[in-house]
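Chains as they are written, first to last, in the working numbering: chain A, 9 to 362; chain B, 22 to 513. Ideal Cβ placement from N, Cα and C applies to all residues, glycine included. These notes are about the structure you will find just below.
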């Protein structure tokens with residue numbers, strides 16, 4: 009375990025100084041998610057020194073830690089108590105921090121069955137754009153006092169404030185896990201996943217890759233034995249490695265220089281787009297490797313009432329996120345101004361407009 | 022008076038303006054017609070609105086809001102009026118916007134497991150409509166037979182199954198909201214996430230302060246194969262509290278984990294005869310759901326844990342009828358109080374579970390200090406307390422004492438690192454206690470967010486977030502977990 013250090017005061021001082029100079033800041037945690045979103049012009053503000061667990065009582069199912077704490081350290085700590093982050097966050101590098109994970113709202117294979125990072129956020133402490141340290145939410149499961157600013161800053165890519173500390177709900181690790189693999193065309197596989205998702209089955213992850221359907225089951229041994237007869241397929245050896253590679257985008261599918269799109273759609277959506285797909289989340293997450301024009305990909309996602317983000321591309325994209333309708337963009341700008349009135353935090357990281 | 026200045030219109034002028042696009046039966050303005058809207062579930066607070074509008078279409082909602090926006094008329098949205106914090110309490114010179122006529126289920130998609138509904142659809146009606154597909158809507162506030170989904174979203178309603186299935190915010194995908202200037206916005210998507218900021222989460226639990234919810238897309242989940250409940254009795258509150266922690270520590274996530282103390286047990290048992298032991302200091306109801314095998318296995322483990330923690334008796338529901346009977350006492354705890362006391366006042370603090378025994382003891386002490394009896398039922402799994410203060414409103418001054426005690430209980434919750442409201446909302450009821458939980462900078466941040474949606478401050482004025490002036494008068498100063506995080510900073 010690395011050393012614990014509370015850098016709140018230093019971080020706050022840097023923000024106050026930047027406000028006085030009207031200087032833009034670009035937040036850096038572990039630096040593993042720099043490829044996400046747009047380039048931001050500001051002075052780097054390193055947050056990785058603000059680290060350490062503040063509070064963890066396993067029987068409370070709550071962990072509070074400083075944002076710069078390495079994600080892997082927290083996962084090791086939780087595993088030692090038979091617990092986990094149920095949203096199974098991708099790291100995209102050994103240096104990944106808790107703060108970066110929350111700022112990007114990144115979730116892994118279990119997301120469709122357990123919830124996203126934002127679903128597990130109970131509270132945050134942040135520095136806002138007035139240089140004030142504020143606390144929202146808390147360390148309890150239910151809390152409806154005040155607006156849910158903790159979830160507002162989750163996924164906002166640092167544009168609304170510096171996340172200092174995060175309280176997360178954690179869950180027990182499942183007692184048993186198996187993964188079943190079977191050959192199936194993508195469309196038929198999605199249909200099956202939708203049918204199974206409407207039944208009380210202990211599915212905890214799914215992936216459709218290269219004509220194969222992979223389904224992970226988690227629960228008691230007796231429940232898994234029964235579900236196995238319904239799902240069918242063969243038990244996959246080294247399944248933990250497989251899901252790690254899916255989560256970290258280390259499967260062969262993710263190799264190469266073709267732009268990688270992330271399409272978030274209703275699970276049963278049919279998308280006829282050129283390029284290869286890897287499908288997760290019971291059909292709700294489509295990774296698409298395609299050279300098709302952005303407009304065509306976005307139109308296809310929007311037609312299914314979903315959205316498309318350019319997740320990785322050889323050249324940095326100018327507008328990776330799905331465009332917002334004008335009234336919604338105006339509201340985003342007003343919320344940005346309410347949190348960061350001088351517009352100094354991660355300027356333009358999500359959208360050029362703020 | 023609003024907090025933003027007087028409206029620039031008279032009642033007849035506003036009625037005339039509304040008549041241009043609303044039929045006569047959608048506008049109530051005679052005193053006798055307005056009376057039914059003077060309060061919500063928190064009936065200690067009453068205020069007759071100037072006008073009630075009952076639109077049928079989103080376009081009408083937009084037009085009403087535009088008219089009120091132009092004229093500076095405050096607007097309060099109302100669903101079924103079952104809220105317990107006065108969130109739908111009208112403003113005397115304002116318009117009450119009832120969503121009661123938005124009662125249609127617009128779309129049920131069993132394949133993608135979603136339902137698109139109007140805000141006036143009742144919580145239970147969603148699950149009933151989904152039932153033929155083996156699906157249901159998970160959040161189940163105790164008022165689910167009457168409360169509507171629009172109100173559930175506005176309050177981020179919970180229920181007895183939150184620990185496993187989450188709150189409203191975890192179970193909705195998309196919202197359509199009209200802001201005070203009449204703009205129709207969509208937050209979220211039919212997918213698991215939407216582009217941009219998580220305004221779906223920000224709007225959920227915003228208590229009608231940011232916009233009027235006109236459509237909700239909810240997630241549906243498969244009904245568990247089976248559910249069984251363990252009823253365990255304890256001679257000691259502390260043991261019961263420890264048993265709650267022990268169940269969680271064993272890696273079990275119950276579908277529901279509820280606790281009742283002796284006064285609540287006695288009141289409930291006298292009312293519905295669930296078979297609760299009258300001599301127990303506390304009972305725990307622990308429900309497990311899932312496949313038959315998983316539940317059978319879990320029930321054995323939970324029973325063993327209860328015994329290890331000193332349960333004096335423990336029973337397991339054998340069938341659905343018995344499961345329903347075990348729950349009946351808990352579910353009827355509130356009306357049961359109504360039989361033993363002329364009035365009761367229910368609060369809603371949430372605490373970290375480890376402080377349960379200490380907080381319960383202190384609540385009893387505070388009750389004695391104020392000469393008032395307190396019965397406790399609570400969602401023990403997630404630390405959400407519902408202390409019920411028993412009183413008689415016909416005795417002069419008693420309600421004042423009750424409110425004082427209620428406020429002290431909430432302050433106690435904040436003091437141990439908890440919150441003043443787990444699921445009922447702040448409304449008008451707990452507005453002073455907001456000053457206990459939040460610093461002036463935090464409250465100022467809330468006002469700035471509100472202004473991003475509603476710069477004139479016309480939606481639900483005087484609710485949810487106090488003016489700093491009010492905190493100064495109330496004398497509150499927030500304390501987080503018993504200590505100020507940065508004592509060197511100016512906080513007030």
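For residue i, three-class secondary structure by DSSP
i: residue 490/B; result: helix
i: residue 82/A; result: helix
i: residue 133/A; result: strand
i: residue 3/B; result: For residue 3/B there is no data in the structure shown, the boundaries of chain B being 22 and 513.
i: residue 330/B; result: coil
i: residue 150/A; result: coil
i: residue 466/B; result: helix
i: residue 477/B; result: coil
i: residue 99/B; result: strand
i: residue 201/A; result: helix
i: residue 253/B; result: strand
i: residue 354/A; result: coil
i: residue 361/A; result: coil
i: residue 369/B; result: coil
i: residue 39/A; result: coil
i: residue 244/B; result: coil
i: residue 192/B; result: coil
Residues that residue i contacts on chain A, provided the C-beta gap is smaller than 9 Å
i: residue 227/B; result: 155, 156
i: residue 206/B; result: 333, 335, 336, 339
i: residue 274/B; result: 69, 179, 180
i: residue 269/B; result: 66, 67, 68, 69, 180
Residue burial classification, residue i (beta-carbon count within 10 angstroms, cutoff 16)
i: residue 47/A; result: exposed
i: residue 421/B; result: exposed
i: residue 166/A; result: buried
i: residue 211/B; result: buried
i: residue 180/A; result: buried
i: residue 344/B; result: buried
i: residue 294/B; result: exposed
i: residue 119/B; result: buried
i: residue 435/B; result: buried
i: residue 162/A; result: buried
i: residue 510/B; result: Residue placement at residue 510/B is flagged as unreliable, the pLDDT there being 32, under the threshold of 50; a coordinate-derived value is accordingly withheld.
i: residue 17/B; result: The requested residue 17/B does not occur in the structure, where chain B is confined to residues 22 to 513.
i: residue 31/A; result: exposed
Under 8 Å by beta carbon: chain A residues contacting residue i
i: residue 218/B; result: 160, 163, 164, 168, 340, 343
i: residue 466/B; result: 136, 140, 142, 157, 346, 347
i: residue 240/B; result: The contacting residues do not exist; residue 240/B stays about 11 Å from chain A at best.
i: residue 447/B; result: 152, 153, 154
i: residue 246/B; result: 208
i: residue 438/B; result: 146, 147, 148
Proximal residues of chain B, C-beta to C-beta of residue i below 7 Å
i: residue 150/A; result: 179, 183, 188, 371, 403, 405, 443, 444
i: residue 329/A; result: 216
i: residue 13/A; result: Near residue 13/A there are no residues of chain B at all, since even the closest Cβ is about 16 Å away, more than 7 Å.
Supposed close pair residue i, residue j - CB separation, criterion 8 Å
i: residue 95/B; j: residue 482/B; result: 5 Å
i: residue 2/A; j: residue 298/A; result: With chain A represented from 9 up to 362, any question about residue 2/A goes unanswered, as that position is not in the structure.
i: residue 12/A; j: residue 76/A; result: Incorrect: roughly 10 Å between the Cβ atoms, too far for contact.
i: residue 428/B; j: residue 454/B; result: 6 Å
i: residue 105/A; j: residue 37/A; result: 4 Å
Chain-ordered chain A contacts of residue i [CB-CB under 7 Å]
i: residue 312/B; result: 208, 231, 234
i: residue 374/B; result: 68
i: residue 458/B; result: 153
Cross-chain neighbours of residue i in chain B, by beta carbon under 9 Å
i: residue 65/A; result: 266, 373, 374, 375
Residue i: contacting residues in chain B (beta-carbon distance under 8 Å)
i: residue 123/A; result: 187, 191
i: residue 205/A; result: 134, 243
i: residue 240/A; result: Within 8 Å Cβ-Cβ: nothing; residue 240/A doesn't reach chain B, min ~17 Å.
Task: Where the segment 224-235 of chain A meets chain B: residues whose CB sits under 7 Å from a CB there - done: 227, 228, 230, 231, 234
Task: Residues of the segment 264-289 of chain A whose Cβ lies closer than 9 Å to any Cβ of chain B, in chain order - done: 271, 272, 273, 274, 275, 276, 277, 289
- [ ] Return the residues of the segment 142-162 of chain B that lie within a Cβ-Cβ distance of less than 8 Å from chain A, sorted by chain order.
- [x] 154, 155, 156
- [ ] Could you run through the segment 110-137 of chain B and flag, in chain order, every residue whose CB is less than 9 Å away from some CB of chain A?
- [x] 130, 131, 132, 133, 134, 135
Open item on the list: Against chain B, which members of the segment 100-117 of chain A pass a CB distance test of less than 8 Å?
Closed with: 113
- [ ] Report the residues of the segment 474-487 of chain B with a CB closer than 8 Å to any CB of chain A, ordered along the chain.
- [x] 474, 485, 486
- [ ] Closer than 9 Å, Cβ to Cβ, to anything on chain A: give me those residues from the segment 294-311 of chain B, in chain order.
- [x] 310, 311
Task: Members of the segment 310-322 of chain A that neighbour chain B once the beta carbon cut-off is set at 8 Å - done: 312, 313, 314, 315, 317
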